[in-house]
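Here the structure is laid out as structure tokens; the discussion comes afterwards.
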Amino acid sequence: MSSEPASIESLRVLYQSDDYIVVDKHWDVRIDSKMWYEKQTVQLQLLHHFPHLADPSTYYGFRFCHQLDFSTSGALCVALNKAAAGRAYRCFKDRTVTKAYLSLLRGWVENETRTLDFAVGKNSMEGKTHMMCIEGTEGCENPKPSQTELIVLEYGVYDGDPVTKVLLQPLTGRTHQLRVHCSAIGHPIVGDFTYSLGADDSPYRMMLHAYLLRIPLEPQQLLVTAGDPFIPTVDPKWVPQRSLRTLEATVEAVLEHSKTKEKEREVARSEGEKRKQSKQQRTGESEEQRRVCQEWLSEWAGD
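Numbering follows the UniProt record's numbering, with no gaps: position 53 of the sequence shown is 53.
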């Protein structure tokens, strides 16, 4: 990842198999578009690099398993056939997918770890219908529960202003969730033009990057990371000053927690199946006992 604008050639592949491709989406492109003036999209980049993998039966030629905002970079998974898309879809639907984003936030975030719990809804205010908002704000329609885990990695400055480097783990998948949650606690994402109401327009990009993607597919999980773009060698305007924890150790902890939750779900599922089978067996025994009893009564009545 660099600070250079996207081109049709600038497609970085993080992972490829017969079923999936994971690319490092550039911060300067949309995923797909049918508009004639959109010359740079991930869809067109894939078509340029992998024309033989395109499926003409799909609307965009490729099956994108999830979404990233236009100005968000990072790991984006593409399924290469219908069956693979279905398997990935079930993981996203069951919320077993682990995603973690790197971001630079305005100001110094006081709490080192925090759960952001704000219901997110559609903004119905005039001129803001392209935006989302948190429950309780004027014009917020149909807010839905939304949770994000925030972990502070480093404190520093960006172009002379105080900023905090964080890892964000969305526990739900609402539109613009991370951007809205960070804005709600008074620490908007650096370069977020939309949720700064046009004020934060000096950085070359919005500082939000999908760093980690884990999809617990069977028999083999899909696990990729998409390099850290928020380092001084990529953007010298970012100057770290104090580190609280390393990215590697933090991601490892996130993955361990996800695997623990996965095991807990498996145990709960297994116990549920055992209870169901036990109930069926008891019901079966009861029916057998009634049958025997009815036969005995019939014989007794006959005597």
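Glycine included, each C-beta is placed from N, C-alpha and C at the ideal position.
Within 8 angstroms, strictly: CB atoms of Thr148 and Leu104:
Within the sequence shown, residue 148 is the residue found at index 148, counting from 1. Within the sequence shown, residue 104 is the residue found at index 104, counting from 1. Taking 8 angstroms as the Cβ cut-off, Thr148 and Leu104 do not qualify as a contacting pair.
Proximity below 8 angstroms, CB of Val239 to CB of Gly156:
Indexing the sequence shown from 1 puts residue 239 at position 239. Indexing the sequence shown from 1 puts residue 156 at position 156. The answer is yes: Cβ separation under 8 angstroms.
Beta strand (DSSP E) segments (min. 3 residues) lying fully within the UniProt domain "Pseudouridine synthase RsuA/RluA-like" (53-184)
73-79, 98-106, 113-117, 120-123, 132-134, 140-144, 147-158, 161-170
Taking the beta carbon of Gly160 as the centre, do at least 16 other beta carbons fall within 10 Å, making it buried, or is it exposed?
Along the sequence shown, read from residue 1 onward, the residue named residue 160 stands at position 160. Counting Cβ neighbours within 10 Å, Gly160 comes out exposed, since fewer than 16 surround it.
Report the partner residues of Thr41 according to the DSSP bridge assignment.
Position 41 of the sequence shown, counted from the first residue, corresponds to residue 41. DSSP, once it has assigned bridges, lists Arg30 as partnering Thr41.
Nearest chain B C-beta to Asp201 closer than 8 angstroms, yes or no?
In the structure shown, chain B cannot be found, because there is only a single protein chain.
Looking at C-alpha atoms only, which residue of Trp27, Ile8, Pro51, His66 is the closest neighbour of Ile215?
Within the sequence shown, numbered from 1, the residue matching residue 215 stands at position 215. Comparing Cα positions, the closest option is His66.
Among Glu264, Lys82, Ala75, Ile134, nearest to Cys229 - alpha-carbon criterion
In the sequence shown, residue 229 corresponds to position 229, counting from 1. The amino acid occupying residue 229 in the given sequence is Pro; Cys does not appear at that position. Here the closest residue by C-alpha is Ala75.
Under 8 angstroms between C-beta atoms of Val254 and Thr164:
For this step, residue 254 is matched to residue 254 along the sequence shown. For this step, residue 164 is matched to residue 164 along the sequence shown. No, the Cβ-Cβ distance between Val254 and Thr164 is not below 8 angstroms.
State the DSSP-derived secondary structure class of Arg205, mapped to helix, strand or coil.
The residue given as residue 205 occupies position 205 in the sequence shown. Note: Arg205 maps to coil in three-state DSSP.
Contacting residues, own chain, Cβ-Cβ under 6 angstroms from Tyr15 (five flanking each side not counted)
For the purposes of this step, residue 15 is taken as residue 15 along the sequence shown, with counting starting at 1. Cβ neighbours of Tyr15 beyond the five flanking positions: Val22, Val224.
Determine, using beta carbons only, whether Val180 and Met132 come nearer to each other than 8 angstroms.
In the sequence shown, the residue the question calls residue 180 occupies position 180. In the sequence shown, the residue the question calls residue 132 occupies position 132. Yes, the Cβ-Cβ distance between Val180 and Met132 is below 8 angstroms.
Validate contact between the stretch 35-44 and the stretch 88-96 using beta carbons, cut 8 angstroms, 3 pairs
no
Roughly how far, in whole angstroms, is the beta-carbon of Arg174 from the beta-carbon of Lys144, given that I think they are within contact range, below 8 angstroms?
By 1-based counting over the sequence shown, the position of residue 174 is 174. By 1-based counting over the sequence shown, the position of residue 144 is 144. Sure, about 6 angstroms apart at Cβ, within 8 angstroms.
Any heavy atom of the ligand HEM inside 7 angstroms of the beta-carbon of Leu153?
No copy of the ligand HEM occurs in the structure displayed, which carries no ligand at all.
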